[in-house]
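Residues 90 to 227 in this note's numbering are what the sequence shown spells out, letter by letter.
Backbone N, C-alpha and C fix where the C-beta goes; we use that ideal spot for every residue, glycine too.
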Amino acid sequence: EPIVQIAIAYPAINRMRTAFTMGMFGLVLFGVTLLTMYGGLLDGFITANLEKAAGGFDVVVYNTSSNRIVDLESEIQASDEVDATQIASIMPVDRALVKFPDFERPAPDDPDETDEEQSEDDKYVEDSIHGIVADFAA
Numbered sequence: 090e091p092i093v094q095i096a097i098a099y100p101a102i103n104r105m106r107t108a109f110t111m112g113m114f115g116l117v118l119f120g121v122t123l124l125t126m127y128g129g130l131l132d133g134f135i136t137a138n139l140e141k142a143a144g145g146f147d148v149v150v151y152n153t154s155s156n157r158i159v160d161l162e163s164e165i166q167a168s169d170e171v172d173a174t175q176i177a178s179i180m181p182v183d184r185a186l187v188k189f190p191d192f193e194r195p196a197p198d199d200p201d202e203t204d205e206e207q208s209e210d211d212k213y214v215e216d217s218i219h220g221i222v223a224d225f226a227a
């Protein structure tokens, strides 16, 4: 067929250019697919955890250190955009960043005691603290 010969003539002559073009096209498709997948996963995660994060409230208002709202209730009362009579309750929720110190294994009560002579309680404490070191070490 003459149409097929014409259609494959240019790619057959310029193989490297065709390969790079197809590779770039594949990368673009991969990137679009990846971004779409991440967007869908993030949307699903937010939707699944929205009620849990809201704590049973219908609306959650976040503020930042650069835009701090000291008294949210008075701000809502003064606002023309929000009908304060429709609000049943306002509850502040404070969050804080918690950092754990580096834990070390405690010294045994008796330095001459071997591992076999340790009580089960001592072994549990050492294993637990060792787990904390493994999980929270910086």
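- The beta-carbon distance between glutamine 166 and alanine 173, rounded to whole angstroms, is 5 Å. This is short enough to meet the 8 Å contact definition.
- Short of 6 Å from the beta carbon of isoleucine 97, and not among the five residues preceding or following it, lies no beta carbon of its own chain.
- Contact between valine 150 and leucine 161 holds: their C-beta atoms lie close to 6 Å from each other, under 8 Å.
- Following the DSSP letters along the chain, one finds proline 91 inside the alpha helix (DSSP H) bounded by residues 91–102.
- Under the three-state reduction of DSSP output, threonine 153 falls in the coil class, being neither helix nor strand.
- The DSSP-derived three-state label of leucine 116 is helix.
- Distance from the CA atom of arginine 106 to the CA atom of glycine 115, rounded to whole angstroms, is 14 Å.
- Rounded to the nearest whole angstrom, the C-alpha separation of threonine 125 and asparagine 152 is 29 Å.
- With respect to glycine 144, valine 171 sits apart: the two C-beta atoms are not nearer than 9 Å.
- The three-state reading of DSSP puts valine 121 in helix, counting H, G and I together.
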